[in-house]
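Shown next, in structure tokens, is the structure this report addresses.
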Amino acid sequence: MIEVVVEGVGQEVGVGLPALRVVGSEEVYSTGFRVGALAGASVGVFTAGGGALWERWTGARAEVGVDIRHAAAAFRSERYFRINGEELSLWGSLSGDYATADGWVRLHCNFDHHRDAALRALGIGRVSREEVARVCAGRTRLEVEEEVTRAGGCAGAMRTRQEWRSHPQAEAVAAEPVVSLVPLGPQVSASAGWGSAGSGESPAEGRPLAGVRVLDLTRVIAGPVAARALAAYGADVLRVGSAELPEVAGVVVETAFGKRSCHIDLRTDPEKLWDLVARADVIIRGYRPGALETLGFGAEELARVRPGIIVVDISAYGVRGPWAGRRGFDSLVQMVSGIAHEGGDGTRPQPLPCQALDHATGYLAAFAAVAGLLRRAGRGGSWHARLSLARTARWLDDLGRGEPGPDPRADDLLDTMDSAFGELTFIRPPGSIKGAEPYWSSPPPQRGEHPPAW
1 MIEVVVEGVG
11 QEVGVGLPAL
21 RVVGSEEVYS
31 TGFRVGALAG
41 ASVGVFTAGG
51 GALWERWTGA
61 RAEVGVDIRH
71 AAAAFRSERY
81 FRINGEELSL
91 WGSLSGDYAT
101 ADGWVRLHCN
111 FDHHRDAALR
121 ALGIGRVSRE
131 EVARVCAGRT
141 RLEVEEEVTR
151 AGGCAGAMRT
161 RQEWRSHPQA
171 EAVAAEPVVS
181 LVPLGPQVSA
191 SAGWGSAGSG
201 ESPAEGRPLA
211 GVRVLDLTRV
221 IAGPVAARAL
231 AAYGADVLRV
241 GSAELPEVAG
251 VVVETAFGKR
261 SCHIDLRTDP
271 EKLWDLVARA
281 DVIIRGYRPG
291 ALETLGFGAE
301 ELARVRPGII
311 VVDISAYGVR
321 GPWAGRRGFD
331 SLVQMVSGIA
341 HEGGDGTRPQ
351 PLPCQALDHA
361 TGYLAAFAAV
371 AGLLRRAGRG
381 GSWHARLSLA
391 RTARWLDDLG
401 RGEPGPDPRA
411 DDLLDTMDSA
421 FGELTFIRPP
431 GSIKGAEPYW
441 SSPPPQRGEH
451 PPAW
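Numbering of the sequence shown is given in full-length UniProt numbering, commencing with residue 1 and proceeding in unit increments.
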């Protein structure tokens, strides 16, 4: 079944993929949602895309595969990650589910400005979980969702599957493909190679993306996972952040294997980013739709400066519909789309046992970048990919339901690496291309450690 799903995603973006060998049971995690199938399909399609690059580079048939247990465990990579044996702290003190007068609402308050927006919307002057619970209990779930959203915060009311499917935003999301990939900007001739950098590595050294330059303009999980996956196959990934932007500290480290990190203030020093764009092959963007456009970094402008670029955009709810541009995170999309309602039988929210929407979207976005490179090599041009957590949620829903299973065992999937932060314990990258196995060649850097240069 996973093999058929992977083939369909490839056809959707116009690329042929080598046959994927799938091993292991889909019955992982204690949920009726087919998270195992989602993990196998998203990791599998990215791995098959890497295999397609490998075939075009070497002329040899690629043997590609995915182990469902490994892929599913990688969907909880941030939970298995350790720094000197210590677990990550993943949630802010006010983040969580709150009972309302007619149901439940979830607040996402991991960043201070989102926490402060929620407190303003609720009329609360101090950080107090008890006070937030009291105020939410006196309002409806949709009132809290709308008031917090209007104030610039992040909230999601628990809906049933039926409520979501009849929502205008759900209808807009359903009209989009799982991975949208379309031509962008001025057309250029087909590329003889994959990337801009003369890496000097040979195909025999097993790096299908050697020489490909990737700009990572993302935060939290989905986008960083996409860029980390590309780094595992040899891409030169440069994460562009800012000292002024808040981060979830441990997650920044966990998703940065194989990358370099620089700081650029796009408002005061945009030319530094344009210099990088001019020599990039892929740019992954995790800003809300329209945010970078207001700073002059729209997709069309990127393609004019760098004809042949692959632009990959990740959003919460997509770019069409009444919620286009709305802030959102995996946990909120699970709430509004009916996933948390179904998991808790409607009595209280019960999310998936991992950030499945984030991780699946991350691997799909990495595949979109690879598919863009394949389309550029065969047809030429620049390419624009769009993905959203809400569309991935719909994809998971459409996979149907299965039998719950035990959490995947991960002890034999872990490795260690020394870093500036100490000893890191992490899950090795999932997926397999024979002769080109994925690995990270460097530990996570410190934020802003490198200059903004290739």
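In this text, a Cβ means the ideal position worked out from N, Cα and C, and glycines have one as well.
Model, not experiment: these values are computed from the prediction.
query, result
"Give a yes or no on whether the C-beta atoms belonging to Ala436 and Trp91 are separated by under 8 Å.", "no"
"Thinking C-beta only, is Tyr29 closer than 8 Å to Pro404?", "yes"
"Using beta-carbon positions only, say whether Gly49 and Ala371 come within less than 8 Å of one another.", "yes"
"Out of curiosity, what's the CA-to-CA distance linking Gly32 and Gly380?", "43 Å"
"Buried or exposed: where does Gly51 fall if 16 or more other Cβ atoms within 10 Å of its Cβ makes it buried?", "buried"
"Check each candidate in Ala155, Arg129, Arg61, Arg76 and name the one with the smallest Cα separation from Val105.", "Ala155"
"Any chance you could list the beta strand (DSSP E) runs of at least 3 consecutive residues sitting entirely within the stretch 112–199, in chain order?", "155–157, 180–184"
"Assuming the contact rule is C-beta atoms closer than 8 Å, Ala316 and Leu389 should be a hit. Round their C-beta distance to whole Å, please.", "5 Å"
"Alpha carbon to alpha carbon, how far is Val237 from Ala133?", "42 Å"
"Just to check my reading of the structure: Val6 and Ala41 have Cβ atoms closer than 8 Å, yes? What is that Cβ distance to the nearest angstrom?", "6 Å"
"Is the Cβ-Cβ distance between Leu302 and Arg267 less than 8 Å?", "no"
"Mind checking who Lys272 pairs with in its DSSP beta bridge?", "Looking at the DSSP assignment, Lys272 forms no beta bridge with any residue, so it has no partner."
"Using beta-carbon positions only, say whether Ala137 and Ala101 come within less than 8 Å of one another.", "yes"
"Span of the alpha helix (DSSP H) holding Glu254?", "249–254"
"What are the start and end residues of each continuous beta strand (DSSP E) run of 3 or more residues lying completely inside the stretch 323–400, in chain order?", "382–388"
"Apart from the five residues on each side of it in sequence, which residues of its chain come closer than 7 Å, Cβ to Cβ, to Ser419?", "Pro443, Pro444"
"Decide yes or no for the touch test of the stretch 254–273 against the stretch 224–232: beta carbon pairs closer than 8 Å, at least 3 of them.", "yes"
"Express the C-alpha separation of Pro183 and Ser95 in angstroms, rounding to a whole number.", "39 Å"
"Within 10 angstroms of the Cβ of Ala366, are there 16 or more other Cβ atoms? Answer buried if so, exposed if not.", "buried"
"Specify the secondary structure class of His70 as computed by DSSP and reduced to three states.", "helix"
"In its own chain, which residues sit with a C-beta less than 6 Å from the C-beta of Lys259, not counting the 5 before and 5 after it?", "Ala231, Val237, Arg239"
"Three-state secondary structure (DSSP) at Ser442?", "coil"
"The beta strand (DSSP E) spanning residue 463 covers which residue range?", "Given a span of 1 to 454 for the chain in the structure shown, any question on residue 463 remains unanswerable."
"Can you name, in chain order, every residue of its own chain whose Cβ lies under 6 Å from the Cβ of Glu63, other than the five neighbours on each side?", "Lys434"
"With a threshold of 8 Å, are at least 3 pairs of Cβ atoms found where one atom belongs to the stretch 161–176 and the other to the stretch 388–402?", "yes"
"What's the C-alpha gap between Glu87 and Ala385?", "34 Å"
"Rounded to the nearest angstrom, what separates Gly103 and Thr160 at their Cα positions?", "11 Å"
"By Cβ distance, which residues of its chain are closer than 6 Å to Val282, with the 5 residues on each side in sequence left out?", "Val214, Ile310, Ala369"
"I need the straight-line Cα distance from Gly308 to Thr347, nearest angstrom please.", "51 Å"
"Between Met335 and Leu352, what straight-line distance do the alpha-carbon atoms span, to the nearest angstrom?", "10 Å"
"Going along the chain, which residues of its own chain have a beta-carbon closer than 7 Å to the beta-carbon of Leu142, five neighbours each way excluded?", "Ala157"
"If I measure Cβ to Cβ from Arg76 and keep anything under 7 Å in the same chain, skipping five residues before and after, which residues do I get?", "Cys354"
"Quick check: what's the CA-CA separation for Ser199 versus Leu209?", "Bear in mind that the predicted position of Ser199 carries a pLDDT of just 39, short of 50, making it unreliable; the figure below should be weighed with that in mind. Their Cα atoms are separated by approximately 10 Å."
"Nearest-angstrom Cα distance between Val66 and Ser331?", "26 Å"
"Taking the alpha carbon of Gly8 as the point to measure from, which residue in Val178, Pro349, Trp454, Arg304 has its own alpha carbon closest?", "Val178"
"Going by C-alpha distance, which of Val248, Glu131, Arg207 is nearest Trp440?", "Arg207"
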